[in-house]
Amino acid sequence: MWMENYVDILKQHLKTLVRKLKLGCKWVFQMDNDPKNTSKVVAKWLKINKVKVLEWPSHQLCQEEWAKIHPTYCGKLVEGYSKCLT
617 MWMENYVDIL
627 KQHLKTLVRK
637 LKLGCKWVFQ
647 MDNDPKNTSK
657 VVAKWLKINK
667 VKVLEWPSHQ
677 LCQEEWAKIH
687 PTYCGKLVEG
697 YSKCLT
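Everything in the sequence shown is counted per my numbering, starting at 617 for the first residue and increasing by one.
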């Protein structure tokens with residue numbers, strides 16, 4: 617999907633969905649860091665339409681946090697889950 621398609625989808629469905637769900641003004645739009653979602657075209661449309669967007673941290677930050685967890689700890693967690701499921 618291209619960013620222009622994404623903007624078209626937002627134009628056609630976002631406001632309608634907000635009205636249908638009766639969210640009023642107190643809602644935040646959540647999207648991932650996919651390049652088409654974070655393009656200037658999409659950002660401009662969201663700004664013009666006053667859409668509040670939930671900010672996501674970069675993927676690098678997540679990878680750094682996961683790297684801090686020792687593999688042995690992860691292994692013990694997995695073993696513990698299998699015991700709970702049987």
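Where is the CB? At the ideal position from N, CA and C, for every residue including glycine.
Please read these numbers as outputs of a predicted model, since none were measured by experiment.
Going by DSSP in three states, residue i sits in which element: helix, strand or coil?
i           : result
residue 669 : strand
Please list the terminal residues of the continuous alpha helix (DSSP H) segment that includes residue i.
i           : result
residue 679 : 675-683
residue 690 : 687-701
residue 657 : 656-664
Can you check whether the CB of residue j is closer than 9 Å to the CB of residue i?
i           : j           : result
residue 667 : residue 630 : yes
residue 626 : residue 665 : yes
residue 672 : residue 647 : yes
residue 670 : residue 645 : yes
Enumerate in chain order the residues of its own chain whose CB-to-CB distance from residue i is below 7 Å, with the five nearest sequence positions on each side excluded.
i           : result
residue 643 : 634
residue 661 : 623 and 626
Taking 8 Å as the limit between beta carbons, can you name the residues of its chain near residue i, skipping five residues before and five after?
i           : result
residue 675 : 649
Is residue i close to chain B? Criterion is C-beta to C-beta, closer than 9 Å.
i           : result
residue 700 : Here chain B cannot be found, since the structure has a single protein chain.
Leaving out five residues on either side along the sequence, give the residues of the same chain with a beta carbon under 6 Å from the beta carbon of residue i.
i           : result
residue 653 : 647
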